[in-house]
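Residue numbers (my numbering): 743 to 1141. Using N, Cα and C, we set each Cβ at its ideal position, and we do this for glycine too. Since the model is a prediction, treat every value here as computed from it, not as a measurement. A quick write-up on the structure given underneath.
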Ligand code: ADP
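So, in structure tokens, the structure goes:
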């Protein structure tokens, strides 16, 4: 069964084509970068057999760009299909499912309306997700589509974890902790259980998704029972260009004394904070680490703060988890930064957590980097969000 997965963001579209029977290596992957220039979009595509293709199209029209991207599947140096009719389903990552969508679901007019109604809660993601769904309707006709929500894995959090300590009306208005990166947290939690030969329901895990956006989830009884992101993906850990948790009093101060508008605060906290805001340079952890090594105090402070924030939030997750069988690292920083593994794990000998001795090495395969005697396993797992979406498509269509 051929399944196309689409992950639409505000500035890029990522797509992957799976042949479900052939497993989790995508036959084809492509990415559209809408920030290439003001008038053109850039495509990069590759196939499982090693072919690569790069091109630019003079358009900023999303349907035209997506249609061009899909056309690469059938007519380009990275062709893998005889015709687009071979695509049997399309799975979409949808960032916000609100309270109504607690699991993946076939796309219907009601689902589209719900995604639209949630635009105010995920203004840079849900509109792009809906646009992707509508574009696929135009390009592929009546092929079944499935929405896989990034909030769904956290939907069963206890009320004490999902409710903010504001006025009770917030509960009625849906102003609560939703949590994000759920597709990734769910995938790596299941994968860790598989690798440990254990039932996920019997494990207590903290999963650390550390990419440009960063979040933790506390996983118990097979579900997320706490997470660091909140009403929006801005809460919790310090991130690439997002602040993470700050005292809300700072925002009141900025509005009252520096006359900040909502839009200015939005830009400040989402785009000009985090590693970028503190280092004054970049949201990219590799660059921050490099410049810190070259002697930049601000880059060093940014790197130190990232570690401090990570350890602090791991501690916060532990408090309600009541034990820890494994810590799991994933996404760009989590899969690659040996320095972050070391630093994040450094202060948990009180839990009996010990890393392997000697220099830690990155690996293509998922790996356990804990010492044999460690009471807590430490897994580095390569997240496979697109594959997780494809799996949900198959389950839903079979049902
Ligand atoms: P996104 O959230 O946009 O999908 P990624 O998961 O690709 O992002 O993560 C991007 C982050 O991963 C960047 O900060 C990048 O510097 C970091 N990263 C990638 N490789 C390494 C590495 N070897 N060491 C440290 N950080 C890395």
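At a Cβ-Cβ threshold of 9 angstroms, residue 838 and residue 849 do not count as neighbours.
Going down the chain, each residue whose beta-carbon is closer than 6 angstroms to a heavy atom of ligand 1 shows up: 953, 954, 955, 982, 1026, 1027, 1028, 1073, 1074, 1075, 1078 and 1079. Contact holds between the region 918-929 and the region 902-909, because three or more Cβ pairs, one in each stretch, are under 8 angstroms apart.
An exposed status is given to residue 1057, since fewer than 16 other beta-carbon atoms sit within 10 Å of its beta-carbon. DSSP places residue 786 in the strand class (E or B) of the three-state scheme.
Taken atom to atom, the span from the alpha-carbon of residue 1018 to that of residue 1037 is near 17 angstroms. A Cβ-Cβ distance of about 16 angstroms is found for the pair residue 1078 and residue 1025, leaving them out of contact under the 8 angstroms criterion. When the beta-carbon positions are compared, residue 747 and residue 760 come within less than 9 angstroms of each other. Between residue 952 and residue 979, the gap from beta carbon to beta carbon is short of 9 angstroms. Looking at the backbone, the Cα of residue 752 and that of residue 1114 are separated by about 44 angstroms. When secondary structure is reduced to three states using DSSP, residue 894 falls in the helix class. Beta-bridge partners assigned by DSSP to residue 967: none are found. With a contact defined as Cβ atoms closer than 8 angstroms, residue 1063 and residue 1120 miss out at about 15 angstroms.
By the neighbour-count criterion, in which 16 or more other beta carbons inside 10 Å mark a residue as buried, residue 1104 falls on the exposed side.
With respect to residue 832, residue 886 sits close: the two C-beta atoms are nearer than 9 angstroms. Comparing alpha carbon positions, the residue from 769, 888, 754 and 765 closest to residue 784 is 754. Listed as beta-bridge partners of residue 1091 by DSSP are no residues whatsoever. Between residue 826 and residue 816, the C-beta spacing is below 9 angstroms. In the three-state reduction of the DSSP assignment, residue 799 falls in the strand class, which pools E and B. Under DSSP, residue 1135 forms no beta bridge with any residue.
Residue pairing from DSSP places residue 761 in a beta bridge opposite 744. If you check the CB distance, residue 875 and residue 1136 do not come in under 9 angstroms. The three-state reading of DSSP puts residue 814 in coil, since its state is none of H, G, I, E or B. DSSP places residue 1071 in the strand class (E or B) of the three-state scheme. Positions of the alpha helix (DSSP H) runs, each at least 4 residues long and wholly inside the region 1006-1050, are given as 1016-1021 and 1027-1035 in order along the chain. Annotation: the continuous alpha helix (DSSP H) that includes residue 912 extends over 911-915. Here residue 948 is bridged, per DSSP, to 960 and 1069. Here the alpha carbon of residue 1047 sits roughly 16 angstroms from the alpha carbon of residue 1014. Annotated as proximal: residue 1095 and residue 1112, with beta-carbon spacing under 9 angstroms. Residue environment: residue 798 is assigned as exposed (fewer than 16 neighbouring CB atoms within 10 Å of its CB, all protein chains considered). Membership of residue 936 in the alpha helix (DSSP H) is indicated by the continuous run 924-938.
One alpha carbon belongs to residue 1028, the other to residue 914, and they sit about 43 angstroms apart. The beta carbons of residue 823 and residue 757 sit no closer together than 9 angstroms.
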